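Trainee: Submitted below is the structure of interest, expressed as structure tokens.
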Amino acid sequence: MKKRINITPEEQPKAYKAMMALEAYLAQITLSKTLKELIKIRASQINGCAFCIDMHTKDAIKEGESVQRLFLTSAWREASKFFTAEEQAVLTMTEEITLIHQQGLSEETYENALQFFDENQIAEIIMAVVTINAWNRIAISTHKEIEG
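All the letters of the sequence shown, read from the start, carry residue numbers 385 to 532 under the working numbering.
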């Protein structure tokens with residue numbers, strides 16, 4: 385792939401600052417690191433963002449996530465015994481929000497999530513999904529290369 389613009393603090397400071405403000409928000413939300421990484425990985429898989437998949441699977445391993453669960457994340461419905469009901473609710477939300485053009489976040493999925501999360505946490509999940517989708521679009525559009 386031909387190298388393209390790199391959206392960095394030096395080249396696009398206002399855009400980068402806006403994205404980092406979202407990251408600062410996500411750093412202080414109540415969702416566990418495990419749930420945040422599952423959101424990032426699953427959305428990145430759907431979007432085909434190799435850079436983000438690479439980054440977030442490495443981050444998840446550093447946080448103690450099992451390699452087996454990471455391998456199974458793309459097929460979590462068929463491997464549901466490896467994911468808690470709470471994680472499955474988050475993965476479903478991630479898929480529906482990422483694939484917003486299909487149906488959006490369905491009422492059934494929203495109601496199911498309320499079994500595990502309060503409305504503030506559901507807002508946090510939505511913002512986590514929105515943020516990784518924005519990063520995926522930046523990385524894919526700019527041909528961001530995987531490091532190391």
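Beta carbons: idealized from backbone N, C-alpha and C, even for Gly.
All values reported here derive from a predicted model rather than from experimental measurement.
In terms of alpha-carbon separation, which member of Gln-429, Thr-468, Phe-467 lies closest to Leu-483?
Mentor: Translated into positions along the sequence shown, residue 483 becomes position 99. Per the Cα distances, Gln-429.
Trainee: Using the beta-carbon count (16 or more within 10 Å), is Met-404 buried or exposed?
Mentor: Numbered from 1 along the sequence shown, position 20 holds the residue referred to as residue 404. Per the 10 Å Cβ criterion, exposed.
Trainee: Nearest by alpha-carbon distance to Met-511: which of Ile-522, Lys-424, Pro-393 is it?
Mentor: Working through the sequence shown from its first residue, we reach residue 511 at position 127. Of Ile-522, Lys-424, Pro-393, the residue nearest in Cα terms is Lys-424.
Trainee: Whose C-beta lies closer than 8 Å to the C-beta of Ile-522 among residues of the same chain, with five residues either side of it excluded?
Mentor: Counting from 1 along the sequence shown, the entry for residue 522 is found at position 138. The residues are Ile-391, Met-403, Lys-528.
Trainee: Three-state secondary structure (DSSP) at Phe-467?
Mentor: The residue you call residue 467 lines up with position 83 of the sequence shown. Three-state result, Phe-467: coil.
Trainee: Starting from the N-terminal side, write out each stretch of the alpha helix (DSSP H) that is 4 residues or longer and does not extend beyond the region 387-420.
Mentor: Counting only runs of 4 or more, we get 397-411.
Trainee: With distances taken between CB atoms, is the gap from Glu-480 to Ser-490 smaller than 8 Å?
Mentor: Within the sequence shown, numbered from 1, the residue matching residue 480 stands at position 96. Within the sequence shown, numbered from 1, the residue matching residue 490 stands at position 106. Their beta carbons are under 8 Å apart, which means Glu-480 touches Ser-490 by this criterion.
Trainee: Could you have a look at Lys-424 and say whether DSSP puts it in helix, strand or coil?
Mentor: Locating residue 424 in the sequence shown gives position 40, counting from the first residue. Reduced to three states, the DSSP call for Lys-424 is helix.
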